[in-house]
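Below: one structure, written as structure tokens.
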Amino acid sequence: MNFDLYMKSLEWTSLKGTLLLTLCRIAELSAPMGELSYTTGDLSVKLGCSQQTVSRHLINLERMGLIRRFRVARRESIRITAEGQQLLARLYSSLRWMFERPPGTLYFEGVLFTGLGEGSYYVGQEGYRKQLRSKLGFDPYPGTLNLRLRQGYEGVKATLEGLPSILIEGFRTKDRSFGPAKCIRVMVNDSVEAAVILALRSHYGSDVVELVAGENLRDRLNLKDGDTVRVRVTASTPQ
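The opening position of the sequence shown corresponds to residue 766 in this note's numbering, with each subsequent residue numbered one higher.
Shown next as structure tokens:
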């Protein structure tokens, strides 16, 4: 079971956060030997919760395929499964990215994919295009570069939302209204200036980031669907 499926499987229970903490604690306790011999009494003390809560957590974790319980002699033991190890590795990767990146620097990687064509439609609107020209300093290529965030960068979009940004105001035409957006200057593959565009309303989820630039980034960087693209933004970049 992958991390996304795991999180979705817990959406309807209050155990989401505490289950993950329980799994982390089991990993910590079992690290020397790769498995943990236990009684629910032992674990309740080490986890700081009741034996009933321990039993419920273990049942849920095993049901989701994240741990395996078995008996050795007269004691129960726990081993974290490959799926559980994968989940913890993703969590570690995300936390490592958050805490170990150089101060003042934010970077992320995404896999290029062909979008729905909406970027071309919206960037081509004169109400947006005029502001992008004046505020970013380039005439935007009519389209966006769509990146699906790689494993370990799942929290990037939320981080970007909190950075200083350039406001692109919404506007209205005779046919419809267009919402506001925010832009953040970036470098793509450490060679081409561009901007992340964060729309108030988007058909994409939190795992997709869209870029605009003054040229066709696919052509300039010889990119194709499936390629990994590196994006960098620094706190010192003027917004």
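Ideal placement from N, C-alpha and C gives every residue a C-beta, glycine not left out.
query	result
Under three-state DSSP, which class holds residue 948?	strand
Could you say if the region 978-990 and the region 927-936 meet the contact criterion of at least three C-beta pairs nearer than 8 angstroms?	no
Since residue 958 sits in a beta bridge, which residues does DSSP pair it with?	952
Have a look at residue 848 and residue 899 and give me their C-alpha separation to the nearest angstrom.	49 angstroms
If we count the other Cβ atoms within 10 Å of its Cβ and call it buried at 16 or more, is residue 886 buried or exposed?	exposed
Using the beta-carbon count (16 or more within 10 Å), is residue 813 buried or exposed?	exposed
Under 8 angstroms: do the region 919-928 and the region 887-896 share three or more Cβ pairs, one atom per stretch?	no
Keeping to the same chain, check which residues put their C-beta closer than 8 angstroms to that of residue 811; ignore five residues upstream and five downstream.	790 and 794
Let me confirm a value: residue 891 is counted as buried when at least 16 other C-beta atoms fall within 10 Å, else exposed. Which label applies?	exposed
Is residue 870 helix, strand or coil when you go by DSSP?	strand
State the Cα-Cα distance for the pair residue 830 and residue 846, rounded to the nearest angstrom.	7 angstroms
Classify residue 964 as helix, strand or coil using the three-state DSSP reduction.	strand
Please classify residue 820: does DSSP put it in a helix, a strand, or coil?	helix
If contacts are defined as beta-carbon pairs under 8 angstroms, then residue 874 and residue 995 qualify, I think. What distance do you get, rounded to the angstrom?	5 angstroms
Identify every residue that forms a DSSP beta bridge with residue 993.	876
Assuming residue 912 contacts residue 976 (C-beta within less than 8 angstroms), just tell me the rounded distance between them.	7 angstroms
What span of residues does the alpha helix (DSSP H) with residue 925 cover, start to end?	921-926
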